[in-house]
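**Student:** In my numbering, the protein residues as written are 72 to 357.
Cβ coordinates follow ideal geometry from the N, Cα and C atoms, glycine included.
#1: Counting along the chain, where does the alpha helix (DSSP H) carrying residue 102 start and finish?
#2: Assuming residue 214 and residue 300 are in contact, meaning their beta carbons sit under 8 Å apart, how far apart are those beta carbons, in whole angstroms?
#3: If I measure Cβ to Cβ from residue 331 and keep anything under 8 Å in the same chain, skipping five residues before and after, which residues do I get?
#4: Across which residues does DSSP place residue 257 in a beta bridge pair?
#5: Roughly how many angstroms lie between the CA atoms of residue 363 and residue 288, to the nearest whole one?
#6: Just to confirm, are residue 226 and residue 282 a CB contact at a threshold of 7 Å?
#7: By Cβ distance, which residues of its chain are closer than 8 Å to residue 338, with the 5 residues on each side in sequence left out?
#8: Near residue 286, what residues of its chain come up, given a Cβ to Cβ distance below 8 Å and the 5 sequence neighbours on each side ignored?
#9: Please classify residue 77: does DSSP put it in a helix, a strand, or coil?
#10: I'd like the list of long-range same chain contacts for residue 200, defined as Cβ closer than 7 Å, with 5 residues on each side in sequence excluded.
#11: Within the same chain, show all residues whose beta-carbon is closer than 8 Å to that of residue 190, passing over the 5 residues directly before and after it, in chain order.
#12: Nearest to residue 196 by CA position, among 76, 156, 284 and 118, is which residue?
#13: Taking C-beta to C-beta, are residue 307 and residue 317 nearer than 7 Å?
#14: With H, G and I counted as helix, E and B as strand and the rest as coil, what does DSSP make of residue 164?
#15: With DSSP as the reference, please indicate the residues paired to residue 150 in a beta bridge.
#16: Kindly indicate which residue of 320, 333, 239 and 237 has the alpha-carbon position closest to the one of residue 340.
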């Protein structure tokens, strides 16, 4: 992995790296397996950097070659040297497991790397439930993952729910594991804080499209919260009436890029969204 920085102030090299979120552990890896150069010449961590200097940092990260590739398509919305943004289809596990060994998102990324000759790692930044579709970020190295995970990711979801909720609302209900159930969650007073904000987008004939923003990121948070206020998501087999697929999609993802510091924002509407809107001539909108 190679990163380049233009120095804008007088600072010790080691202090500069720490200001960029490089941990002591990563610093030790750079010392033992990588190198630091200032203006093309090797430099130690105690070197003093001056404005205008170009600092180049190279470090080695062992590649995890034990991920079985899954030979299925991958919908890449964006990628660069450090990260990618992917649109995950519904009913696809993010991580490999005994039940989802043949096909999972990490396996699809591994197959894409294999096809393109990309010698990088896979670090999932924000996970999505098996049944949920939409955008998620993937870091290609541990340092980028650390930087992204320590920053706020703005996430918005679209869902079709049963019934017509109030035009907008905040749901603040703690979530914990349901007793006697390994997967299901429940509203529990002793659970972790969970806050969701929603607004009504459209409604017709006892159904509504809502946009939901997460202030916290608990497992099944949106599904459980919407069900708790009496508006379960269509297709939810755990907290609603079930169905062929869950109509919940992560359509908006935004973050400050950990290396360029520019704002990155991505929008990806679900394949069902246009059909729902077009086939509902009597819908009203806010």
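**Tutor:** Concretely, from the data shown:
#1: Counting along the chain, the alpha helix (DSSP H) containing residue 102 begins and ends at 95-104.
#2: Their Cβ separation, rounded to whole angstroms, is 40 Å, which puts residue 214 and residue 300 out of contact at 8 Å.
#3: Excluding residues within five positions, none has a Cβ falling inside 8 Å.
#4: According to DSSP, residue 257 bridges with 247.
#5: The first residue shown for the chain is 72 and the last is 357, placing residue 363 beyond what the model contains.
#6: No, they are not a contact pair.
#7: Correct list, in chain order: 322 and 323.
#8: If the five residues before and after residue 286 are omitted, its C-beta is found closer than 8 Å to the C-beta atoms of 266, 267 and 268, all from its own chain and listed in chain order.
#9: Strand.
#10: 291.
#11: Hits under 8 Å: 134 and 184.
#12: Nearest C-alpha to residue 196: 156.
#13: Contact flag set, yes.
#14: Looking at residue 164 - three-state DSSP - the assignment turns out to be coil, as it is neither helix nor strand.
#15: DSSP lists 155 as the beta-bridge partner residues of residue 150.
#16: Nearest option by C-alpha distance: 320.
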